[in-house]
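Residue numbers (my numbering): 63 to 478.
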């Protein structure tokens, strides 16, 4: 044991300052772990204050800085900006879908009316043709007016005991394509499961006149919509109010026509005899139709077909209908000109071989004898030698009034 006193260089007590190095190494947090909140009592690094944990040292509780030296914003402060951007993107996508959806604008431009010939499938058909082999009409009769009721005689034509469309074939086409079946049903306002029953309730006929409709195609998974003129002779399926609902050459669903915006422009192939003044519109009848009075342009006769008869097996031949009452209360005083103004003669006068929907009345029919007017005259005075002339002149007044009736074609409104 040394007896020398301790050197003056040795410390005589515990150190007054911090140790030269850490007694225990601080664990390094794993990468990607966000730094914890600053603590108040941490020791400061070089340039920092040990007790306050102030900014300036790596161990202090200062704000986190970004790559450019600027403080980073918390993520929750960016939520309004993200929501605004997302809303703008949703609006752009929705607007794009509205403008490009096929059912929204259709295939035809505004103001455009497409002519569809008898056997043409047209653009974007729903199905292959379901028409049966039946010759179309040879000549189009003059329409009686611009707007017709679906119950009017002669609005539809056809061949007796021959159906213009194969309904079961049409059902099979749509059943094999569920997407088309759903689009077809949406146009007609029914559910997809109701399509077969709905088609079986329709009546296969042919248009007697060039007819305006709202047509529909199928494209990109949805229906297209356009205004159309169907040529006379087109095979259609008709509902119980006389409105064409399906075009059999393409399976397209049909609705009543709508007025186009602006000036109407006709497009598509034309056909012989087409005139805008001959185009008609079929309006639904007020009452349900039980039988259709149909004209056969190839045979020149008339028949009736029960509503919903798919095959025409119950068709019955009938005399030509009389659509207007006689112009004179007495049948013996009707003049030849009054007979000409009537669209169809009485049933006793039809010509069996005529190809016109209204067989012509012979202009050489004999005028009434002088005795006939005198015998039917209500005057109580005895007949004189001058009376036959006055009696024969009596029916001239209704004759003149019937001759002044406007022409049926001129009363038809232009295509619009």
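Ideal placement from N, C-alpha and C gives every residue a C-beta, glycine not left out.
From a predicted model like this one, the values you see are computed outputs, not experimental measurements.
- Query: Between which two residues does the beta strand (DSSP E) containing residue 230 stretch?
  - Reply: No beta strand (DSSP E) contains residue 230, which is instead part of the alpha helix (DSSP H) from 229-237.
- Could you tell me which residues DSSP pairs with residue 321 in its beta bridges? Paired residues: none, contrary to the question.
- Query: Three-state secondary structure (DSSP) at residue 257?
  - Reply: helix
- Query: alpha helix (DSSP H) containing residue 297: first to last residue?
  - Reply: No alpha helix (DSSP H) holds residue 297; the beta strand (DSSP E) holding it covers 297-300.
- Can you give the Cα-Cα distance for residue 253 and residue 263, rounded to whole angstroms? Our two residues, residue 253 and residue 263, have alpha carbons roughly 15 Å apart in a direct line.
- residue 177 burial status per 10 Å Cβ neighbour count (16 or more: buried): buried
- Message: Suppose you measure from the CA of residue 330 to the CA of residue 293; what does that come to, to the nearest Å?
- Response: Residue 330 and residue 293: Cα-Cα distance of roughly 12 Å.
- Which value, in whole angstroms, describes the spacing of the CA atoms of residue 283 and residue 347? 33 Å
- Message: My output table needs one value for residue 211: the three-state DSSP class, helix, strand or coil.
- Response: strand
- Over what stretch of residues does the beta strand (DSSP E) that includes residue 246 continue unbroken? Careful: residue 246 lies outside any beta strand (DSSP E), inside the alpha helix (DSSP H) at 240-250.
- the ligand SAH heavy atoms versus the CB of residue 369: any closer than 7 Å? With respect to small molecules bound, the structure shown includes none, and the ligand SAH cannot be examined in it.
- Indicate whether residue 291 and residue 269 have their beta-carbon atoms separated by less than 8 Å. no
- If you measure from the beta carbon of residue 332 to each beta carbon in chain B, is any gap under 8 Å? This model lacks chain B altogether; it includes just one protein chain.
- Message: Give me, in chain order, the residues of the same chain whose beta-carbon lies closer than 6 Å to that of residue 416; leave out the 5 immediate sequence neighbours on both sides.
- Response: With a pLDDT of 39 at residue 416, under the threshold of 50, the modelled position of that residue is not reliable, and the figure given next carries that caveat. Cβ within range, chain order: 362.
- Query: Hey, how far is the Cα of residue 192 from the Cα of residue 181?
  - Reply: 11 Å
- From residue 275 to residue 240, what does the alpha carbon distance come to, in whole angstroms? 25 Å
- Message: Using only the alpha-carbon positions, how far apart do residue 301 and residue 149 sit?
- Response: 46 Å
- Query: Among residues of its own chain, excluding the 5 on either side of residue 245, which ones have a beta-carbon nearer than 7 Å to its beta-carbon?
  - Reply: 280, 284 and 285
- Three-state secondary structure (DSSP) at residue 268? strand
- Distance between residue 309 and residue 371 (C-alpha atoms, nearest Å): 17 Å
- Message: So, at 6 Å on beta carbons, what are the nonlocal neighbours of residue 304 in its own chain, with the 5 sequence-adjacent residues on each side left out?
- Response: Hits under 6 Å: 212, 213, 347 and 351.
- Message: Tell me the rounded alpha-carbon separation between residue 174 and residue 324.
- Response: 9 Å
- With residue 261 and residue 226 assumed to form a contact (beta carbons below 8 Å), what rounded beta-carbon distance in angstroms separates them? Actually they are not in contact, since the Cβ atoms of residue 261 and residue 226 sit about 14 Å apart, beyond 8 Å.
- Message: Given a cut-off of 8 Å on the beta-carbon distance, is the pair residue 236 and residue 257 in contact?
- Response: Residue 236 places its beta carbon less than 8 Å from that of residue 257.
- What's the call for residue 321, buried or exposed, on a 16-neighbour Cβ count within 10 Å? exposed
- Would you grab the beta carbon distance between residue 265 and residue 367 for me? Rounded to a whole angstrom, and I think it's under 8 Å. Contact flag correct, Cβ pair sits at about 6 Å.
- Item | Buried versus exposed, by CB contacts within 10 Å (16 or more), residue 278 | buried
- Inter-residue spacing [alpha-carbon to alpha-carbon] between residue 222 and residue 359: 11 Å
- Message: With distance defined between alpha-carbon atoms, name the residue in 289, 313, 296 and 219 nearest to residue 229.
- Response: 313
- Message: Taking 8 Å as the threshold (C-beta atoms), are residue 210 and residue 355 in contact?
- Response: Cβ distance not < 8 Å, so residue 355 and residue 210 don't count as in contact.
- Are the Cβ atoms of residue 365 and residue 380 separated by less than 8 Å? Contact flag set, yes.
- CB-CB under 8 Å to residue 232, same chain, minus the five flanking residues each way: which ones, in chain order? 189, 192, 261, 299, 308, 310 and 313
- Three-state class that DSSP yields for residue 286 in the structure shown: strand
- Task: Note down, in chain order, each residue of its chain lying with its Cβ closer than 8 Å to the Cβ of residue 332, except the 5 sequence neighbours on either side.
- Result: Answer for residue 332: 177, listed in chain order.
- Message: If the criterion is Cβ atoms closer than 8 Å, does the pair residue 334 and residue 353 meet it?
- Response: no
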